[in-house]
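Student: Each protein sequence line maps, in turn, to chains L and C.
Here the numbering used here is used: position 13 in the first sequence is 13, and no number is missing along the way.
Here the numbering used here is used: position 175 in the second sequence is 463, and no number is missing along the way.
Just so it is clear, CB atoms sit at the ideal spot from N, CA and C, and this is done for glycine as well.
This one's a predicted model, so the numbers in the text were calculated from it and none came from an experiment.
Right, I'll just put the structure down here and ask away after.
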Amino acid sequence: MFESAALRTRRKIRDCVAQGLIYLAVMLVSLVFFWLLVDLARGGMTHLSWAFLTESPRDAGRAGGIASILVSTLLILLVALVAAIPLAWSTAILLAELVPAESSFGRSVRFSLHVLAGVPSIVFGLFGNAFFSIYLGLGFSILSGGLTLACMLLPILTSTAEAGLRAVPDSYRLSAAALGLSRTAALTHLILPAAAPALAAGLLIGIGRALAETAALLFTSGYVDRMPGSLLDSGRALALHIFDLSMNVPGGDESAYASALMLVILLLCINILAMKLAYGLQRKKIMT
Amino acid sequence: MLTDRVLTGILRSGALLSALIMLLILCFLLLESWPALTGLPVAGFLTDPSWHPLESAYNLMPMLSATLLASIGAITLAVPLGIASALFIVFFAPSHLASLYKRLIELLAGIPSVVFGFWGLTVLVPLISEWQPPGASLLAAVLVLTLMILPMIAITAYTALAAVPDELLQNAAALGLSRWGTIAGVVLPAARAGITAGIILAAARALGETMAVLMVAGNVVQHPESLFDPVRTLAANIALEMAYAMGDHRSVLFVSGLLLMLLVMALSAMAGLLEKHRHV
Numbered sequence: 001m002f003e004s005a006a007l008r009t010r011r012k013i014r015d016c017v018a019q020g021l022i023y024l025a026v027m028l029v030s031l032v033f034f035w036l037l038v039d040l041a042r043g044g045m046t047h048l049s050w051a052f053l054t055e056s057p058r059d060a061g062r063a064g065g066i067a068s069i070l071v072s073t074l075l076i077l078l079v080a081l082v083a084a085i086p087l088a089w090s091t092a093i094l095l096a097e098l099v100p101a102e103s104s105f106g107r108s109v110r111f112s113l114h115v116l117a118g119v120p121s122i123v124f125g126l127f128g129n130a131f132f133s134i135y136l137g138l139g140f141s142i143l144s145g146g147l148t149l150a151c152m153l154l155p156i157l158t159s160t161a162e163a164g165l166r167a168v169p170d171s172y173r174l175s176a177a178a179l180g181l182s183r184t185a186a187l188t189h190l191i192l193p194a195a196a197p198a199l200a201a202g203l204l205i206g207i208g209r210a211l212a213e214t215a216a217l218l219f220t221s222g223y224v225d226r227m228p229g230s231l232l233d234s235g236r237a238l239a240l241h242i243f244d245l246s247m248n249v250p251g252g253d254e255s256a257y258a259s260a261l262m263l264v265i266l267l268l269c270i271n272i273l274a275m276k277l278a279y280g281l282q283r284k285k286i287m288t
Numbered sequence: 289m290l291t292d293r294v295l296t297g298i299l300r301s302g303a304l305l306s307a308l309i310m311l312l313i314l315c316f317l318l319l320e321s322w323p324a325l326t327g328l329p330v331a332g333f334l335t336d337p338s339w340h341p342l343e344s345a346y347n348l349m350p351m352l353s354a355t356l357l358a359s360i361g362a363i364t365l366a367v368p369l370g371i372a373s374a375l376f377i378v379f380f381a382p383s384h385l386a387s388l389y390k391r392l393i394e395l396l397a398g399i400p401s402v403v404f405g406f407w408g409l410t411v412l413v414p415l416i417s418e419w420q421p422p423g424a425s426l427l428a429a430v431l432v433l434t435l436m437i438l439p440m441i442a443i444t445a446y447t448a449l450a451a452v453p454d455e456l457l458q459n460a461a462a463l464g465l466s467r468w469g470t471i472a473g474v475v476l477p478a479a480r481a482g483i484t485a486g487i488i489l490a491a492a493r494a495l496g497e498t499m500a501v502l503m504v505a506g507n508v509v510q511h512p513e514s515l516f517d518p519v520r521t522l523a524a525n526i527a528l529e530m531a532y533a534m535g536d537h538r539s540v541l542f543v544s545g546l547l548l549m550l551l552v553m554a555l556s557a558m559a560g561l562l563e564k565h566r567h568v
């Protein structure tokens, strides 16, 4: 009896210690997260204004704003999406709807995309520099930066879209077949609209990934902070601007803080929107 | 039905193209690193006296050791924190707190590496430098990397823990196991494969991370003797020197990129194998 009581108290102590350690870890992580956010907000708030967003940078970014940077970022993003979306979504439709999951073609495409998803971003930068900038002769330009990013986005856009299409219930496909619809018609009128929220969530995740990217753009879209005149001009992305200001420009800290705050706010909004879409999807699935 | 066939054709060529991109990347990396792999003695990457590309000394070892040390350090710190976070969400927190904390982890995962680097540079480096100058060091790189891979470990561990069948939990409860007894004796062993796969993927991410490490690690090419020595990782080296590298030097940078990619591919293949075994 005595021994089992001792055992029980020992267990109770062990439980308490484990719980305490876990709460400590959680508090530490939350604390660091809020420390980071508060620090960015405090450093960036004073400098972030409408004028900062609408003026072009002067004096290597120490003065002025980030208007031309935002335009370049947007153009790079657009190029990446225009190049990646058709490829990614057609791959996803093919994998989810038209070829059997275990076919060798499907398996090899999926394997290749899986490997692509793991490639470090600096390696994408090396490839983009060798292929788009030099081999295809696009030079340091928004076009070669955007195309490099498109390669990076391909796996994430494909896998989210494929998962979304697979989540559409099979009864939709069976009913469409029973009504004599062709697969093309079933796809455009029924399955794609049903999967649209999942596609949108995947798209938002991809946009977030693209906005956060720095290393792949370092040697592809270049450093020039002027307003880009065409897609063949070099343009500096927002993330790269933060890097350059904090590493290479003494006295650029204030602008770097404001740019970092801007980027984090953008990404938080995009991620929260994507989460809302994804959670909404889950709820709908439970309801029906 | 003609439209169906046309559509399938179009989609098939799209899929083929996206599958070929991986091959294209490998081909171009090999093509660009070919001059160094054939023209320079391969043993030189291990035995050259130092890394002085302008004098044709290409010793990659100090940077490889820095890369590995930074990743191992980050994994050591992030694994307990990540698994504790996942346990908190699944077993310890009340439901509203659990979903709140899960959101926090997901948002942490969305913060770009350059912002982590910037924060490390303006906050962590001065703090470390007060304690042990110069501040920009292996330790700073480890801490920033920890923050970056922690969400990944926490999310994969959460998925693995949530997939543990309820029966196991009920059996453990029926046997009168305490909460920690259940977790340590039943849940963690059952979720081991998934958690390990997540850790391996996080290690791959840490090996390839460039910007954050570049901004806080100090970038001196050397074997670090302590946590407070500045170091340069392979990825950071590529980012630093690519802008002016020519000829053999450029080619050696592509070799180090290739090396990095092979390391990461080996790790992700390991994670894939683990996942497969779990489903059998």
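(1) Cβ closer than 8 Å: which chain L residues qualify as neighbours of C:TYR389?
(2) Any C-beta of chain L within less than 7 Å: which residues of the region 412-436 of chain C qualify?
(3) Is C:HIS340 helix, strand or coil by DSSP?
(4) Could you confirm whether any beta carbon from chain C is found closer than 7 Å to the beta carbon of L:VAL249?
(5) Quick test of your reading: C:VAL474 and C:ALA362, contact by CB under 8 Å. State the CB separation rounded to the nearest angstrom.
(6) How long is the line joining the alpha carbons of C:ILE393 and C:PHE376, rounded to whole angstroms?
(7) Can you give the Cα-Cα distance for L:ALA274 and L:ALA117, rounded to whole angstroms?
(8) Which residues of chain D have a Cβ atom closer than 8 Å to the Cβ of C:ILE483, listed in chain order?
(9) The alpha helix (DSSP H) with L:ARG173 in it runs from where to where?
(10) Does chain C have any CB closer than 7 Å to the CB of L:VAL115?
(11) In three-state DSSP terms, what is L:VAL249?
(12) Which residues of chain L have a Cβ atom closer than 8 Å to the Cβ of C:PRO368, listed in chain order?
(13) Any idea what DSSP makes of L:GLY139, helix, strand or coil?
(14) Would you tell me roughly how many angstroms separate the C-alpha atoms of C:GLN420 and C:PHE516, rounded to the nearest one?
(15) Looking only at C-alpha atoms, which of C:LEU412, C:LEU318, C:ASN507 sits nearest to C:LEU547?
(16) For L:PRO57, which three-state DSSP category applies?
(17) Taking the alpha helix (DSSP H) that C:GLN458 falls in, what are its first and last residues?
(18) Cβ closer than 7 Å: which chain L residues qualify as neighbours of C:VAL452?
(19) Are the Cβ atoms of C:LEU409 and C:VAL504 separated by less than 7 Å?
(20) How about C:ALA527: is its C-beta nearer than 7 Å to some C-beta of chain L?
(21) May I ask you to list, following chain order, the residues of the region 158-173 of chain L that have a beta carbon less than 9 Å from some beta carbon of chain C?
(22) So the candidates are C:GLY297, C:MET440, C:HIS340; which of them puts its Cα closest to the Cα of C:ALA492?
(23) If you run the structure through DSSP and keep just helix, strand and coil, what is C:GLY506?
(24) May I ask you to list, following chain order, the residues of the region 10-22 of chain L that have a beta carbon less than 8 Å from some beta carbon of chain C?
(25) In three-state DSSP terms, what is C:TYR346?
(26) Tell me, to the nearest whole angstrom, how far the beta carbon of C:SER338 is from that of C:SER539; I am working on the premise that it is less than 8 Å.
(27) Note down, in chain order, every chain C residue with its Cβ under 9 Å from the Cβ of L:ILE242.
(28) Roughly how many angstroms separate the alpha carbons of L:VAL264 and L:LEU37, rounded to a whole number?
(29) For L:GLY65, which three-state DSSP category applies?
(30) Measuring CA to CA, which of C:THR498, C:ALA523, C:ALA481 is closest to C:LYS564?
(31) Between the Cα of L:GLY43 and those of L:ALA258, L:ILE242, L:LEU268, L:ASN271, spot the shortest distance and give me the residue it belongs to.
(32) Please confirm if the region 79-89 of chain L is in contact with the region 295-306 of chain C, defined as three or more CB-CB distances below 8 Å between the two stretches.
(33) Starting from L:VAL99, trace the alpha helix (DSSP H) in both directions and tell me its first and last residue.
(34) With 16 as the cutoff for other CB atoms within 10 Å, does L:PRO120 come out buried or exposed?
Tutor: In brief:
(1) Stepping through the second sequence from its first residue, residue 389 of chain C is reached at position 101. Simply VAL26, SER30.
(2) LEU435
(3) For the purposes of this step, residue 340 of chain C is taken as the residue at position 52 of the second sequence. It is a strand residue.
(4) Taking the first sequence and counting its residues from 1, the one referred to as residue 249 of chain L is at position 249. No, its Cβ sits nowhere closer than 7 Å to a Cβ of chain C.
(5) For the purposes of this step, residue 474 of chain C is identified with residue 186 of the second sequence, where counting begins at 1. For the purposes of this step, residue 362 of chain C is identified with residue 74 of the second sequence, where counting begins at 1. Between C:ALA362 and C:VAL474 the Cβ distance is about 29 Å, and since that is not below 8 Å, they are no contact.
(6) The residue given as residue 393 of chain C occupies position 105 in the second sequence. The residue given as residue 376 of chain C occupies position 88 in the second sequence. Whole-angstrom Cα-Cα distance: 12 Å.
(7) For the purposes of this step, residue 274 of chain L is taken as the residue at position 274 of the first sequence. For the purposes of this step, residue 117 of chain L is taken as the residue at position 117 of the first sequence. Looking at the two C-alpha atoms, the distance is approximately 20 Å.
(8) As a matter of chain content, chain D is missing from the structure shown, whose protein chains are L and C.
(9) Here the question's residue 173 of chain L lines up with position 173 in the first sequence. From DSSP, the alpha helix (DSSP H) with L:ARG173 extends over 170-178.
(10) Taking the first sequence and counting its residues from 1, one reaches residue 115 of chain L at position 115. Chain C, which has a Cβ nearer than 7 Å to the Cβ of L:VAL115, makes this yes.
(11) Start at 1 with the first residue of the first sequence, and residue 249 of chain L comes out as number 249. In this structure, L:VAL249 counts as coil in the three-state DSSP scheme.
(12) Locating residue 368 of chain C in the second sequence gives position 80, counting from the first residue. Here the neighbours are ALA25.
(13) Here the question's residue 139 of chain L lines up with position 139 in the first sequence. The answer is coil: DSSP assigns L:GLY139 none of H, G, I, E or B.
(14) Counting from 1 along the second sequence, the entry for residue 420 of chain C is found at position 132. Counting from 1 along the second sequence, the entry for residue 516 of chain C is found at position 228. So the two alpha carbons sit approximately 7 Å from each other.
(15) The residue you call residue 547 of chain C lines up with position 259 of the second sequence. Comparing Cα positions, the closest option is C:LEU318.
(16) The residue labelled residue 57 of chain L in the question sits at position 57 within the first sequence. Here L:PRO57 sits in strand by DSSP.
(17) Numbered from 1 along the second sequence, position 170 holds the residue referred to as residue 458 of chain C. Element bounds for C:GLN458: 454-462.
(18) For the purposes of this step, residue 452 of chain C is taken as residue 164 along the second sequence, with counting starting at 1. In chain order: nothing, as chain L lies at least about 17 Å away.
(19) Translated into positions along the second sequence, residue 409 of chain C becomes position 121. Translated into positions along the second sequence, residue 504 of chain C becomes position 216. Their beta carbons are under 7 Å apart, which means C:LEU409 touches C:VAL504 by this criterion.
(20) Within the second sequence, residue 527 of chain C is the residue found at index 239, counting from 1. C:ALA527 counts as touching chain L.
(21) THR158
(22) Mapped onto the second sequence, residue 492 of chain C falls at position 204. Ranking C:GLY297, C:MET440, C:HIS340 by Cα distance to C:ALA492 puts C:MET440 first.
(23) Taking the first residue of the second sequence as 1, we reach residue 506 of chain C at position 218. Strand.
(24) ARG11, LYS12, ARG14, ASP15, ALA18, GLN19, LEU21, ILE22
(25) Here residue 346 of chain C refers to the residue found at position 58 when the second sequence is read from its first residue. DSSP places C:TYR346 in strand when its eight states are reduced to three.
(26) By 1-based counting over the second sequence, the position of residue 338 of chain C is 50. By 1-based counting over the second sequence, the position of residue 539 of chain C is 251. Not confirmed; about 18 Å, so no contact.
(27) Here residue 242 of chain L is taken as the residue at index 242 of the first sequence, counted from 1. The answer, in chain order, is PRO400, VAL402, VAL403, GLY405, PHE406.
(28) To locate residue 264 of chain L, count along the first sequence from 1; it is residue 264. To locate residue 37 of chain L, count along the first sequence from 1; it is residue 37. Computed Cα separation, rounded: 9 Å.
(29) Along the first sequence, read from residue 1 onward, the residue named residue 65 of chain L stands at position 65. Correct three-state label for L:GLY65: coil.
(30) In the second sequence, counting from the first residue as 1, residue 564 of chain C sits at position 276. Checked all of C:THR498, C:ALA523, C:ALA481; the closest Cα to C:LYS564 is C:ALA481.
(31) Working through the first sequence from its first residue, we reach residue 43 of chain L at position 43. The shortest C-alpha separation from L:GLY43 is found at L:ALA258.
(32) yes
(33) Your numbering for residue 99 of chain L matches position 99 in the first sequence. Where L:VAL99 is concerned, there is no enclosing alpha helix (DSSP H), given that its DSSP letter is neither H nor E.
(34) Reading the first sequence from its first residue, position 120 is the one you call residue 120 of chain L. It is buried - the Cβ of L:PRO120 has at least 16 other Cβ atoms within 10 Å.
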